[in-house]
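Here is the structure we will look at, set down as structure tokens.
Okay, here's the thing in structure tokens:
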């Protein structure tokens, strides 16, 4: 008889524990299976010149940032001034990955708001984004000299994230 009441109580307690754990997690920090793994390889056209291509292999030997963005993304427009500041600091090159966008819209946005990117690769069909596990734009990755992803941030980069996470990580990675 006691077992009839004890089992639902135990199930309820387990559910409350899982709910409490879930509520205490930061939704910006979604664990990525790509952290500490080589960045997926690709070669796609550049945004500004479809006759030129970009591949992460060309960045080997330097710490760099991959920022997934789109002109239609409101949050990308919010983070854009932070990326412009990051580019001015010259701590690491920023490569853009223009995700599921129209080339003319993306170029117009960069012309109007400034271009923080060394270059942008044009992922018109989202294939590269899928390989990187993109949930939505913007997303930012820090990739080390060996081409290994060391950090992923989902959502807009803020000055706080830049100062507390990205700058220290780039400094550490640049030393090795």
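Numbering (the numbering used here), first residue to last: 186 to 361.
Glycine included, C-beta positions come from ideal geometry on N, C-alpha and C.
Could you tell me the alpha carbon to alpha carbon distance between residue i and residue j, rounded to whole angstroms?
i, j, result
"residue 280", "residue 243", "11 Å"
"residue 227", "residue 241", "7 Å"
"residue 355", "residue 262", "24 Å"
"residue 206", "residue 224", "30 Å"
"residue 255", "residue 351", "21 Å"
"residue 265", "residue 203", "36 Å"
"residue 200", "residue 344", "37 Å"
"residue 324", "residue 360", "25 Å"
"residue 295", "residue 194", "57 Å"
"residue 238", "residue 308", "11 Å"
"residue 339", "residue 231", "23 Å"
"residue 270", "residue 346", "13 Å"
"residue 272", "residue 282", "15 Å"
"residue 277", "residue 196", "50 Å"
"residue 353", "residue 315", "28 Å"
"residue 245", "residue 310", "25 Å"
"residue 284", "residue 192", "49 Å"
"residue 235", "residue 274", "28 Å"
"residue 300", "residue 286", "16 Å"
"residue 349", "residue 288", "33 Å"
Name the one or two DSSP bridge partners that residue i has.
i, result
"residue 281", "252 and 305"
"residue 229", "239"
"residue 223", "333"
Can you tell me the Cβ-Cβ gap for residue i and residue j, rounded? I've got them flagged as a contact below 8 Å.
i, j, result
"residue 302", "residue 219", "The Cβ separation is near 21 Å, so there is no contact."
"residue 258", "residue 322", "5 Å"
"residue 304", "residue 335", "Contact flag wrong, Cβ pair sits at about 21 Å."
"residue 260", "residue 341", "5 Å"
"residue 313", "residue 222", "At roughly 16 Å, the Cβ-Cβ gap does not stay under 8 Å, so residue 313 and residue 222 are not in contact."
"residue 368", "residue 233", "Because the chain here runs from 186 to 361, residue 368 falls outside it and cannot be looked at."
"residue 293", "residue 229", "Actually they are not in contact, since the Cβ atoms of residue 293 and residue 229 sit about 20 Å apart, beyond 8 Å."
Q. Can you list, in chain order, the stretches of the beta strand (DSSP E) that have 3 or more residues and sit fully within the segment 310-359?
A. 324-328 and 334-339
Q) Would the segment 326-337 and the segment 246-253 be scored as touching if the rule is three or more Cβ pairs under 8 Å? A) yes
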